[in-house]
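Chain order of the listed sequences is W, H and V. Using our numbering, you'd call the opening residue of the first sequence number 1 and step up by one each time. Using our numbering, you'd call the opening residue of the second sequence number 1 and step up by one each time. Using our numbering, you'd call the opening residue of the third sequence number 1 and step up by one each time. Glycine included, C-beta positions come from ideal geometry on N, C-alpha and C. Predicted model, so just to flag it, every value in this text is computed and none were measured. What follows is one structure encoded as structure tokens, with my remarks underneath.
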Amino acid sequence: MASLARLTYSEEETARLAADLEAILDYVETLGEVNTEGVRPMEHVLPLETPLREDRAVAAMAPDRAVANAPVAKGFAFVVPKVIDGEEEG
Amino acid sequence: MPDSRPLPSVGELRRALDAGELSSVEITEASLERAESIDGSLRAFTGMRSEGARGDAAASDARRVEGKGLSSIDGIPVAIKDNMVMEGEPTTCASRILEGFVSPYTGTAVGKLRAAGAVIVGRTNLDEFAMGSSTEHSCFGATRNPWDLDRAPGGSSGGSAAAVAAGIVPAALGSDTGGSIRQPAAHCGVLGIKPTYGLVSRWGLVAFASSLDQIGVFARDASDAALLLGAIAGHDERDSTSIPEPVPDYRAAQTGDVSDLVIGLPREYFVSDGVDAGVLDAVRAAVAVLEAAGAKVREVSLPHTRYAVATYYLIATAEASSNLARYDGVRYGRRADDPSGLSDMYHRTRSEGFGDEVKRRIMLGTYVLSAGYYDAYYRKAQQVRGLLARDFQGAFRLCDVIATPTCPETAFRLGEKTGDPLAMYLGDIYTVSANLAGIPGVSIPCGQSSGLPVGLQLLGGTLAESTLLRVADAYQRLTDHHEARPTAV
Amino acid sequence: MAYEVVIGLEVHCQLRTDSKLFSPAPVSFGREPNHSVHPICLALPGVLPVLNRRAVELAVCAALATHCKVHTSSVFARKNYFYPDLPKGYQISQYEEPLATGGYIDIPAGGDADEGDGKATKRIGLTRIHMEEDAGKSIHDSEVTGRFATHVDLNRAGVPLLEIVSEPDLRSPAEAAVYLRTLRSILRYIDVSDADMEKGNFRCDANVSLREAGAREFGIRTELKNLNSFRNVELALGSEILRQAEILDDGGSVVQATMAFDPVSRRTRVLRLKENADDYRYFPDPDLIPLVISDADVDRIRDELPELAQARYQRFQDQYGLSEYDARQLTISRELAEFFETAVAAHGVAKTVANWVLRDLREALGERELEDAAVTPEQFAALLRLVDDGKLTPKSARGLVPELVESGGDPEAWMRERGLEALSDTGVIERAVDEVIAAHPDDVDRFRSGEQKVQNFLMGQVMKKTKGKADPAAVRELLTQKLGA
Ligand SMILES: [Mg+2]
Ligand SMILES: [Zn+2]
């Protein structure tokens, strides 16, 4: 699970986290009491349809601004450690 | 203690500006001075915007002299929670992972404040990424409660609440995902309003839980809140969840009359166990004031209330786990030193960059969305959410406004709950339902319990902000709890 | 052992829009890194998506053109995974409730678009069509990035894609290729996408498995990623089928995996195993409300759909009296069909234009696309008219086609400038015929003793002497006259 979220935990941290999560998950088990048969999941509180934007392009960001916050950039590209073929791809 | 004086309300500053007794530059200097003298102990701010604010104030003065004021908040100093972006300014979310980030764009609410002439003086402290109820989970250290520096101001918008309570600014913006405006407002003795989901654009608000997040306002009183909310509300094409409705004149609706209203008291909220007796007494007394003013009072029921916190934490953490995936050290923010490879870069950047509470929630959210658990947790929670929303619809057929305590107790001591995340979560019992149902809520000071402020929460149906602010204003015309000033700063 | 091949294809094609799917950044191609981005494409803190109307309309067009059911309500979901060119840490896609489902396309049967007689078709089911955003580009080339770095360019991040998933109805690599060509031609016909594989805006993933001939259960499949040309699709599928067959022949079992194809070695290799099935933690994107498309919207888009290949194929036979074969060939792409029709309008004789388009124009184009050629249908018709009028021999005309394709121009002007006018002076032709008869007495004798085909040789000699400018009909007539005498 930690690796899915790209987080690392030491052994000691793992134990504490596991205890915390267990307590929380125990607590949320109470939802099991609720009869939700036939209830539509409410992902949105708004009774709206998604609005549509006209297909008009705006000017692109100045490229130096686009990479201004980058920890590492070269030219106008973001730079990351070498990606090994197939590594973690979606 | 400092010799600086707390700033008065927006309304009073407006009168002084219009009468030529004060300039915006003078008010802004007073705000900056007040911060300078007390924020070392309060820590309400993550950063001041002194130079920019002085320039904006001078420009506002020039407009006023020419008779070209932009709005009734033109020239008024305001603070923004440090999870709202503004071009050329840092946004930290109180997280190490956003170290060094400077936004190249301005969010809608902040942009609207500026377009109305408000002077942004600084960014306020919060629980990292707005995840928390105490403003202790901040890489800048905890904000203190101006009523008692050993206590937490509440959270996550604790910095904004403390800054308004301590009179550094007369008003501030916050964000509320599960009570993060209303709970600190209650604990700091100021007004805090969380509008209907979709009333204020989320464009430029750093997301915690997208279906629950909503920007709102802290102010000293309901008429100030009406001005500020009017300035930031309204449809925005950049937010697909923004409501395409015109914004009413909240100030004009504040007639002082509540005789046409029915106030509902949810049976499930007024239980004695787990709720501070002083809190219940203050809230009951406040309802009695409104009743005496002509409002009818009746009992209503919100039967799924006891499931609200569990529902909230499942949905909020699920959305958060996805929203926080973008902090990967690639395009902005902090990256771990000398990563040995891509995987190491991701793991160390995120493990070092996020604090414990954020990581705990990312883990919980990742878990509840993962294969095999989705239906049992996430989908189930969204169904219960539907039932909670239905509870409110039923209740609002019987009443116009629901009155409850904002929190089960008054401000707790720093460190008191950090070791027990679940106890911290349960403190949100009265506030999370409004976020789940998308309805507006306001917390106003209604007295004290053992010398600490108590908040009265008023909830309304969708887009009932006018009614909520009318009731809050009527109450404040009849009482002076909102005039009480903290003594510790 | 005999195996049946089972192939399903997942195509990603770029929708033809000016701005991205959820961001107003311009869609561009070939620009420098990060020159076509907006805060939304960078997933800066606080940004939000807003859906592009044109992308929705194009997606609905594609769904209608492939006989899918367009759903009134569809939902955008987040597909969560980490990758440097995926800025948000999730891709906005559609998952449980896609835009459209349950369509089909008919492809020429037998797995060969060129040799089908135009009559036999095979119906390939489409499972679903949905919209999603593209990722950015990771640049791994060490010459650009250095040994230890990968570069990330987000110009492409957020570009609107249509994902079209077929049923596992394809039974050979050739059939898969024909399916892809047919699908591409449909998408181009309706102007939904450039569908240009070279530009990466028509990409294909393939699921392949083998099962014993006659078996009902599907075998274990592998997924081939990013097949970026029609040729590679066939080669990769062929090589993967062989690989799986060898494993099965040896009594082994195929392992579920994502594979990559190396066009140099022409082999597939495992990219990663699917043992720990990817957990994308899909959930509805809370930043987007469901997309609602009313029946009225669908009807309006249907009315505006351009004539599809199948309808045009029928019309070409009825209106122009073309053979099924010619009609099929001419409707393979919208550009070719429209070129043909415009040329016929200018020239007048459909059969002649069809012959020249299908033989000479296509030959001159080679691998190039028609829209990259300079020739206009009017110029092409003018060339054919010169032949009809006897001003240009077919041979000379044929020789001009490549140049006309290359640079365009006025064929009549070229003809004059280069002295290619057909010889109409019978005196000159007669002199040439006499000279050839005199120079080849043996051949003349063989012809006279009944060897008919020698006449062709003699004709060729005359044409050579007149540098191809003599009217072949006149030469033949003179030869017959003189040799018969
Ligand atoms: Mg897919
Ligand atoms: Zn896809």
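On the CB-based measure, 16 or more other CB atoms within 10 Å of its CB, does residue i come out buried or exposed?
{"i": "P244 of chain H", "result": "exposed"}
{"i": "R5 of chain H", "result": "exposed"}
{"i": "I84 of chain W", "result": "exposed"}
{"i": "D153 of chain V", "result": "buried"}
{"i": "V5 of chain V", "result": "buried"}
{"i": "D420 of chain H", "result": "exposed"}
{"i": "A374 of chain V", "result": "exposed"}
{"i": "F76 of chain W", "result": "buried"}
{"i": "P286 of chain V", "result": "buried"}
{"i": "D505 of chain H", "result": "One cannot answer for residue 505 of chain H here, as it falls past the ends of chain H, which runs 1 to 489."}
{"i": "K88 of chain V", "result": "buried"}
{"i": "N456 of chain V", "result": "exposed"}
{"i": "P486 of chain H", "result": "buried"}
{"i": "V119 of chain H", "result": "buried"}
{"i": "V292 of chain V", "result": "exposed"}
{"i": "E115 of chain V", "result": "Residue placement at E115 of chain V is poorly supported in this model, since its pLDDT is 46, which falls under 50; the coordinates still yield a value, given next. The residue is exposed, with fewer than 16 neighbouring Cβ atoms inside 10 Å."}
{"i": "D117 of chain V", "result": "With a pLDDT of only 48 at D117 of chain V, under the threshold of 50, the placement of this residue in the model should not be trusted, and no figure is reported."}
{"i": "E341 of chain V", "result": "buried"}
{"i": "T480 of chain V", "result": "exposed"}
{"i": "P63 of chain W", "result": "buried"}
{"i": "F148 of chain V", "result": "exposed"}
{"i": "H482 of chain H", "result": "buried"}
{"i": "M197 of chain V", "result": "buried"}
{"i": "A165 of chain H", "result": "buried"}
{"i": "M1 of chain V", "result": "exposed"}
{"i": "A472 of chain H", "result": "buried"}
{"i": "L398 of chain H", "result": "exposed"}
{"i": "L369 of chain H", "result": "buried"}
For residue i, list the residues DSSP reports as bridge partners.
{"i": "S73 of chain V", "result": "V:V292"}
{"i": "F45 of chain H", "result": "H:T124"}
{"i": "M259 of chain V", "result": "V:L224 and V:V270"}
{"i": "G192 of chain H", "result": "H:F218 and H:S443"}
{"i": "M84 of chain H", "result": "H:L205"}
{"i": "F283 of chain V", "result": "V:R78"}
{"i": "H12 of chain V", "result": "V:E163 and V:R203"}
{"i": "T150 of chain V", "result": "W:V80"}
{"i": "P77 of chain H", "result": "H:V119"}
{"i": "S449 of chain H", "result": "H:L452"}
{"i": "N145 of chain H", "result": "H:D148"}
{"i": "P266 of chain H", "result": "H:V300"}
If residue i and residue j are in contact, beta carbons under 8 Å, what's the gap, nearest whole angstrom?
{"i": "G107 of chain H", "j": "V442 of chain H", "result": "At roughly 22 Å, the Cβ-Cβ gap does not stay under 8 Å, so G107 of chain H and V442 of chain H are not in contact."}
{"i": "N272 of chain V", "j": "T258 of chain V", "result": "In the sequence as presented, Asn is not what sits at residue 272 of chain V; that position holds Arg. Indeed they touch by this definition, with Cβ atoms about 5 Å apart."}
{"i": "L7 of chain H", "j": "S31 of chain H", "result": "6 Å"}
Compute every distance between the C-beta of residue i and the non-hydrogen atoms of ligand 4, then say whether any falls below 6 Å.
{"i": "E223 of chain V", "result": "This structure does not include ligand 4; its bound ligands are ligand 1 and ligand 2."}
Taking Cβ-Cβ distances below 8 Å as the criterion, which residues of the region 353 to 387 of chain H are in contact with chain V? T366, L369, S370, A371, Y374 and Y378
Taking any Cβ of chain V, which residues in the region 87 to 120 of chain H have a Cβ under 8 Å from it, in chain order? T91, C93, L98, F101, S103, P104, Y105 and G107
Closer than 8 Å, Cβ to any Cβ of chain H: which residues of the region 80 to 95 of chain V, in chain order? N80, F82, P84, P87, K88, G89 and Y90
For the region 68 to 80 of chain W, list every residue whose C-beta sits within 8 Å of some C-beta in chain H, in sequence order. A68, N69, A70, P71, V72, F78 and V80
Contact set between the region 180 to 209 of chain H and chain V, restricted to residues whose Cβ is under 8 Å from the partner: R202, W203, G204, L205, V206, A207 and A209
Any C-beta of chain W within less than 7 Å: which residues of the region 412 to 445 of chain H qualify? P421, L422, A437 and G438
According to a CB-to-CB cut-off of less than 8 Å, which residues of the region 234 to 245 of chain H neighbour chain V? E237, R238, D239, S240 and T241
Residues of the region 45 to 62 of chain W whose Cβ lies closer than 8 Å to any Cβ of chain H, in chain order: V45, L46, L48, T50, P51, R53 and M61
What residues in the region 298 to 330 of chain H have a beta carbon less than 7 Å from any beta carbon of chain V? A318, E319, S322, A325, R326, D328 and V330
Select from the region 208 to 224 of chain H all residues with a C-beta closer than 7 Å to any C-beta belonging to chain V, and list them in chain order. S210 and S211
Please list the residues of the region 25 to 42 of chain V that have a C-beta atom closer than 9 Å to any C-beta atom in chain W, keeping them in chain order. A25, P26, V27, S28, R31, E32, P33, N34, H35, S36, V37, H38, P39, C41 and L42
Residues in the region 161 to 178 of chain H having any Cβ partner in chain V nearer than 7 Å: none
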